[in-house]
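Numbering (UniProt numbering), first residue to last: 1 to 457.
The beta carbon of each residue, even a glycine, is placed where N, CA and C say it ideally should be.
I have placed the structure first, in the form of structure tokens, so that the comments after it can refer back to it.
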Ligand SMILES: [Zn+2]
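Right, here's the structure in full:
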């Protein structure tokens with residue numbers, strides 16, 4: 001007697017094995033290791049998941065399954081005791097958001113897509129921090145996922161900068177992102193399988209750390225603002241499908257695995273990222289690399305149907321967009337764009353490319369376009385992240401910035417300077433090229449400026 005078992009093996013893909021009734025547990029384990037090209041080493045942990053995410057024992061008593069619902073098989077190395085406190089991923093998590101941590105813990109029981117912080121396994125280490133991050137995210141890929149549906153009010157509101165992100169939980173945000181992709185026609189234009197999109201977005205969510213500011217909710221805000229701006233300015237009818245894909249994916253990816261300390265810290269502390277990227281935008285290079293490592297997972301590769309030629313173009317566009325979010329390049333890029341605005345021509349490829357950079361840069365710093373009750377918590381979150389960096393720099397004996405010193409910073413002054421000297425110039429330059437910016441974007445920013453100026457008094 002024998003039975004067929006369908007497997008989805010991490011890093012390999014789908015396999016089918018035949019199991020005979022006399023097979024013992026250790027033979028079964030060896031067999032699984034062989035199939036996946038792993039040595040049957042006691043330091044290797046095998047985990048087998050059912051379609052619904054339940055972990056099942058590695059036992060020859062395993063129930064036969066179907067091709068459509070393969071068991072997911074993953075391999076992890078046991079973590080040596082001296083490495084237990086040394087995991088990069090946990091170092092990067094500044095745990096200030098207990099609610100979200102609880103939400104993830106809850107999902108362990110009810111939802112298969114979970115980031116594991118188990119101490120029984122060790123991260124697989126490669127010399128590339130981006131590869132490490134992605135390979136150590138414990139994703140359970142799902143199939144036949146239902147598409148989201150929202151009522152008319154939500155659908156309309158989602159296209160506006162006034163959208164209240166605080167009313168949504170992170171999994172709800174994933175469904176909203178899916179809706180945006182569907183609405184922009186990206187699934188049809190690029191033959192993106194819906195399950196792949198869902199798995200990709202969950203994988204990205206798990207690759208965002210729980211920083212006070214640079215977290216998955218910030219990623220959602222930036223992407224939603226991008227969707228809002230391209231809708232209110234009619235760019236939705238002007239941009240090509242490829243440009244829309246580049247913008248949406250760049251927004252989703254633009255802060256992946258942000259460690260909560262900025263480039264200045266990376267360089268001064270000579271972190272792995274600074275050394276790897278020779279001090280050139282180490283964070284932005286890393287965010288981008290994490291994104292392309294996520295795409296190496298077949299179940300999350302939203303670009304799998306693109307021709308080679310198209311992939312090269314989309315990759316180039318995404319790299320340019322994400323690297324442009326380094327604020328050290330802000331004045332230079334905005335200056336270049338301003339020089340184009342008088343003779344801006346949508347038929348000029350260089351102009352269009354620069355507009356894409358302005359769109360992601362402005363979406364990235366757009367919180368003050370939102371109503372005060374939505375925007376203000378972000379100021380507190382960013383300051384908290386800055387203060388934590390300042391504390392860390394003091395402890396490590398590194399140069400510090402007065403702008404991050406909790407004893408010196410005055411929120412109202414910091415924020416009104418940021419709005420007046422960073423936000424308004426870029427949004428006003430864009431308003432010269434794009435319609436409907438004044439009422440929907442510039443006016444709310446000026447209202448915010450007045451609010452913080454008023455607090456200064
Ligand atoms: Zn950002």
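So the candidates are the options; which of them puts its Cα closest to the Cα of residue i?
{"i": "residue 520", "options": "47, 46, 15 and 3", "result": "A query on residue 520 cannot be resolved here, the shown segment of the chain reaching from 1 to 457 and no further."}
{"i": "residue 75", "options": "54, 39, 63 and 62", "result": "39"}
{"i": "residue 441", "options": "178, 155, 453 and 362", "result": "362"}
{"i": "residue 373", "options": "152, 448, 224 and 395", "result": "448"}
{"i": "residue 327", "options": "405, 422, 303 and 286", "result": "422"}
{"i": "residue 300", "options": "153, 204 and 231", "result": "204"}
{"i": "residue 416", "options": "347, 376, 323 and 157", "result": "376"}
{"i": "residue 9", "options": "317, 425 and 298", "result": "298"}
{"i": "residue 433", "options": "304, 256 and 233", "result": "233"}
{"i": "residue 406", "options": "425, 381 and 239", "result": "381"}
{"i": "residue 66", "options": "18, 28 and 412", "result": "18"}
{"i": "residue 184", "options": "63, 51 and 224", "result": "224"}
{"i": "residue 141", "options": "197, 159 and 181", "result": "197"}
{"i": "residue 270", "options": "315, 396 and 25", "result": "396"}
{"i": "residue 182", "options": "155, 438 and 13", "result": "155"}
{"i": "residue 364", "options": "323, 345, 153 and 344", "result": "323"}
Please report how far the alpha carbon of residue i lies from the alpha carbon of residue j, in whole angstroms.
{"i": "residue 379", "j": "residue 445", "result": "14 Å"}
{"i": "residue 254", "j": "residue 69", "result": "33 Å"}
{"i": "residue 16", "j": "residue 280", "result": "46 Å"}
{"i": "residue 368", "j": "residue 42", "result": "54 Å"}
{"i": "residue 36", "j": "residue 308", "result": "28 Å"}
{"i": "residue 216", "j": "residue 165", "result": "12 Å"}
{"i": "residue 93", "j": "residue 127", "result": "Confidence at residue 93 is low in this model, with a pLDDT of 32, below 50, so its placement is unreliable and the value that follows should be read with caution. Roughly 20 Å between the two C-alpha positions."}
{"i": "residue 451", "j": "residue 239", "result": "35 Å"}
{"i": "residue 228", "j": "residue 248", "result": "11 Å"}
{"i": "residue 139", "j": "residue 277", "result": "28 Å"}
{"i": "residue 413", "j": "residue 193", "result": "47 Å"}
{"i": "residue 29", "j": "residue 58", "result": "7 Å"}
{"i": "residue 118", "j": "residue 354", "result": "Because residue 118 sits at a pLDDT of 40, beneath the cut-off of 50, its placement in the model cannot be relied upon, and the following sentence gives the value as read from the coordinates. Going by the C-alpha atoms only, they are around 44 Å apart."}
{"i": "residue 321", "j": "residue 351", "result": "14 Å"}
{"i": "residue 110", "j": "residue 20", "result": "Because residue 110 carries a pLDDT of 32, less than 50, the predicted location of this residue cannot be relied on, and no value is offered for it."}
{"i": "residue 148", "j": "residue 431", "result": "33 Å"}
{"i": "residue 393", "j": "residue 264", "result": "10 Å"}
{"i": "residue 455", "j": "residue 366", "result": "20 Å"}
{"i": "residue 1", "j": "residue 23", "result": "11 Å"}
{"i": "residue 54", "j": "residue 32", "result": "19 Å"}
{"i": "residue 419", "j": "residue 426", "result": "10 Å"}
{"i": "residue 212", "j": "residue 335", "result": "31 Å"}
{"i": "residue 176", "j": "residue 160", "result": "13 Å"}
{"i": "residue 274", "j": "residue 285", "result": "10 Å"}
{"i": "residue 167", "j": "residue 310", "result": "37 Å"}
{"i": "residue 391", "j": "residue 315", "result": "37 Å"}
{"i": "residue 25", "j": "residue 13", "result": "23 Å"}
{"i": "residue 170", "j": "residue 209", "result": "13 Å"}
Spell out the partners DSSP gives residue i in its beta bridges.
{"i": "residue 205", "result": "Answer is none; residue 205 lacks a bridge partner."}
{"i": "residue 56", "result": "48"}
{"i": "residue 76", "result": "45"}
{"i": "residue 317", "result": "For residue 317, which the question treats as bridged, DSSP gives no partner whatsoever."}
{"i": "residue 200", "result": "Answer by DSSP bridge pairing: none, since residue 200 is not bridged."}
{"i": "residue 16", "result": "6"}
{"i": "residue 71", "result": "7"}
Would you say residue i and residue j are within 8 Å of each other, going by their C-beta atoms?
{"i": "residue 5", "j": "residue 71", "result": "yes"}
{"i": "residue 207", "j": "residue 134", "result": "yes"}
{"i": "residue 244", "j": "residue 186", "result": "yes"}
{"i": "residue 251", "j": "residue 389", "result": "no"}
{"i": "residue 146", "j": "residue 242", "result": "no"}
{"i": "residue 195", "j": "residue 144", "result": "yes"}
{"i": "residue 256", "j": "residue 291", "result": "yes"}
{"i": "residue 358", "j": "residue 386", "result": "no"}
{"i": "residue 341", "j": "residue 429", "result": "yes"}
{"i": "residue 222", "j": "residue 230", "result": "no"}
{"i": "residue 157", "j": "residue 174", "result": "no"}
{"i": "residue 129", "j": "residue 339", "result": "no"}
{"i": "residue 268", "j": "residue 383", "result": "no"}
{"i": "residue 190", "j": "residue 306", "result": "yes"}
{"i": "residue 408", "j": "residue 402", "result": "yes"}
{"i": "residue 226", "j": "residue 62", "result": "no"}
Under the assumption that residue i contacts residue j (Cβ atoms under 8 Å), give the Cβ distance between them as a whole number of angstroms.
{"i": "residue 214", "j": "residue 258", "result": "4 Å"}
{"i": "residue 318", "j": "residue 288", "result": "7 Å"}
{"i": "residue 162", "j": "residue 371", "result": "6 Å"}
{"i": "residue 73", "j": "residue 46", "result": "7 Å"}
{"i": "residue 137", "j": "residue 200", "result": "Actually they are not in contact, since the Cβ atoms of residue 137 and residue 200 sit about 12 Å apart, beyond 8 Å."}
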